[in-house]
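Residue 0 is where the sequence shown starts when you use numbering that gives the first Met the number 0, and the numbers rise one by one after that.
C-beta: ideal position from N, C-alpha, C; glycine also.
Quick caveat: nothing in here was measured; it's all calculated off a predicted structure.
The structure appears below as structure tokens.
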Amino acid sequence: MSEKDRERRAALSDARIDTLAIRAGQMRTGEGENSEPIYPTSSYVFDSAEQAARRFSGEESGNVYSRYTNPTVRNFEERIAAMEGGEAAVATASGMAAILSTCMSLLQAGDHVVCSRNVFGTTTNLFLKYLCKFGLEVSFVDLVNLEDWSQAIQANTKMLFCETPSNPICEVADLAALSALAKQHDCLFVVDNCFCTPALQKPLEFGADLVIHSATKYLDGQGRCVGGCVVGRRELTDEVVGFLRTCGPTMSAFNAWVFLKGLETLRLRMDAHSSNAMALALWLEQQQGIDKVYYAGLDSHPGKPLATKQQRAYGGVLSFCVSGDKAAAWRFIDATCICSLTANLGDVKTTIVHPATTTHGRLTDEQRAAANISDNLIRVAVGLEDIEDLKIDMQRGLAAL
Ligand SMILES: *Cc1c(COP(=O)(O)O)cnc(C)c1O
Numbered sequence: 000m001s002e003k004d005r006e007r008r009a010a011l012s013d014a015r016i017d018t019l020a021i022r023a024g025q026m027r028t029g030e031g032e033n034s035e036p037i038y039p040t041s042s043y044v045f046d047s048a049e050q051a052a053r054r055f056s057g058e059e060s061g062n063v064y065s066r067y068t069n070p071t072v073r074n075f076e077e078r079i080a081a082m083e084g085g086e087a088a089v090a091t092a093s094g095m096a097a098i099l100s101t102c103m104s105l106l107q108a109g110d111h112v113v114c115s116r117n118v119f120g121t122t123t124n125l126f127l128k129y130l131c132k133f134g135l136e137v138s139f140v141d142l143v144n145l146e147d148w149s150q151a152i153q154a155n156t157k158m159l160f161c162e163t164p165s166n167p168i169c170e171v172a173d174l175a176a177l178s179a180l181a182k183q184h185d186c187l188f189v190v191d192n193c194f195c196t197p198a199l200q201k202p203l204e205f206g207a208d209l210v211i212h213s214a215t216k217y218l219d220g221q222g223r224c225v226g227g228c229v230v231g232r233r234e235l236t237d238e239v240v241g242f243l244r245t246c247g248p249t250m251s252a253f254n255a256w257v258f259l260k261g262l263e264t265l266r267l268r269m270d271a272h273s274s275n276a277m278a279l280a281l282w283l284e285q286q287q288g289i290d291k292v293y294y295a296g297l298d299s300h301p302g303k304p305l306a307t308k309q310q311r312a313y314g315g316v317l318s319f320c321v322s323g324d325k326a327a328a329w330r331f332i333d334a335t336c337i338c339s340l341t342a343n344l345g346d347v348k349t350t351i352v353h354p355a356t357t358t359h360g361r362l363t364d365e366q367r368a369a370a371n372i373s374d375n376l377i378r379v380a381v382g383l384e385d386i387e388d389l390k391i392d393m394q395r396g397l398a399a400l
């Protein structure tokens, strides 16, 4: 690293998130490029056999093999770590790989996890179908009921895991209270921050030990790549790196480069997603044919005070119940023309989906009922189209009820 590079890094140590989103982690090569380079190389050459030995043993830091060291991926890791206010980050092949890698590296058979009930459907499946097979125990609790969390903790509990706001009904967890509970019981507190991103919420500031992302969503922001990451104290992320090095669910250099570009505009996009979602939620609440709207920015939502304390804005995802049953919800969805009918979210394109038969379709009826995912519920991840055009599209849905 040159003297100027060192000065540049030092200048960023007190920088604010908008600056970090654009500058953190960048290491210029001798070519003087302004945009971050991509390194599509699987391996790296060494100056000598002795250096190769030092790199392999970890005595000397540096590139070895792109399963666990790649400069573009490292740039993304340093940037997202700086934005979350964490010591270090590890990039993974997907959001699910981030959750799997965290559990595989920090837990073992016989350990117990307490997880909130309304997490991403595939996360529930990962715990129940796969991790339990290897001797992990998992209990699911009501995200907003602290008493429920506290009662679920056992002598072998090693991790509390939650997502806030929850998908799809936007319940809000008390991050400070759950951090305190985790500390009291010597557990790790892990927060999936996919819905807010560090632009709106920084769980580490409320005492969380690790933050998890599906970079596929808002970090990319334009629906191009699948990826994930884990952010937190280096002693923890180093364990996750060890798992990645051995097991390989690694982020590719190309995807890391796309995510770097996404991070540059993250805050602008999150503010725009939030204001569009707020406007749409308020409008939907006034419409005939809508029984209920779930959005933490609404006065009618019980999570609003906590969301206001923890988040800079309320995010881009909302959901609502139409009057009627599953058939009505499907008619509403099929009548829209601008919204994309897809389960993805965090895209500039507005997406619409029927959670009960897609994202949460693998849950049992009881699990769905406990998570308040009724058959007439529709989730919209509000994009950045003109809000008036989105309202007209929702009117097409309402007319089909
Ligand atoms: C999409 C999602 C995941 C999984 O991420 P992938 O990148 O699709 O593997 C995890 N958590 C939340 C909240 C998500 O929305």
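Secondary-structure assignment with DSSP links Ser115 through a beta bridge to Val140.
In this structure, His300 keeps its C-beta atom at 8 Å or more from the C-beta atom of Ala328. For Glu146, DSSP assigns no beta-bridge partner whatsoever.
Counted as a single uninterrupted DSSP element, the stretch harbouring Met158 is not any alpha helix (DSSP H) but the beta strand (DSSP E) occupying residues 156 to 162. Taken atom to atom, the span from the alpha-carbon of Gly31 to that of Gln25 is near 12 Å. Counting C-beta atoms within 10 angstroms of its own C-beta, Pro70 has 16 or more neighbours from the protein chains shown and is therefore classed as buried.
At least one heavy atom of ligand 1 lies less than 7 Å from the C-beta of Glu162.
In the three-state reduction of the DSSP assignment, Gly227 falls in the strand class. A contact is defined here as three or more CB-CB pairs under 8 Å, and the region 208 to 218 meets this definition with respect to the region 255 to 275.
Counting only runs of at least 3 residues, the region 55 to 110 fully encloses the following beta strand (DSSP E) elements, listed from N- to C-terminal order: 87 to 91. The Cβ atoms of Leu203 and Glu76 do not sit closer than 8 Å to each other. Thr341 is the residue among Asp346, Thr341, Met250, Gly134 whose C-alpha sits nearest the C-alpha of Thr357. Per DSSP, the continuous alpha helix (DSSP H) segment holding Asp333 begins and ends at 325 to 334. Between Thr101 and Val239, the beta carbon gap of about 6 Å places them in contact (Cβ cut-off 8 Å).
With a cutoff of 8 Å on beta-carbon distance, Ala97 and Cys228 are scored as near each other. In the DSSP assignment, Ser273 falls within the unbroken alpha helix (DSSP H) covering 265 to 284. Excluding sequence positions up to five before and after Cys169, its CB lies within less than 6 Å of the CB of Tyr293, Tyr294, Ala295, all in the same chain and listed in chain order. Taken through DSSP and simplified to helix, strand or coil, Asp290 comes out as strand. Closest in C-alpha terms to Gly241, from the list Val44, Tyr67, His212, Tyr38, comes Tyr67. Residue nearest to Ala278 within the set Gly314, Phe253, Arg53 is Gly314 (criterion: CA-CA distance).
Your pair Asp110 and Asn155 checks out as a contact, with CB atoms roughly 6 Å apart and the cut at 8 Å. Taking the C-beta atoms as reference points, Gly288 is found nearer than 8 Å to Val321. For Ala198, there is no enclosing beta strand (DSSP E); the residue is found in the alpha helix (DSSP H) stretching over 196 to 199. Relative to ligand 1, Phe194 has its C-beta within less than 7 Å of a heavy atom.
Ligand 1 never approaches Met158 closely enough for any of its heavy atoms to be under 7 Å from the residue's Cβ. Sequence-distant Cβ neighbours of Ala276 in its own chain, meaning closer than 6 Å and more than five residues away, are Gly315, Leu317, Val381.
In this chain, Thr249 is not harboured by any alpha helix (DSSP H), its DSSP state being neither H nor E.
In summary, Ala355 is buried, with 16 or more beta-carbon neighbours lying within 10 Å of its beta-carbon over all protein chains present.
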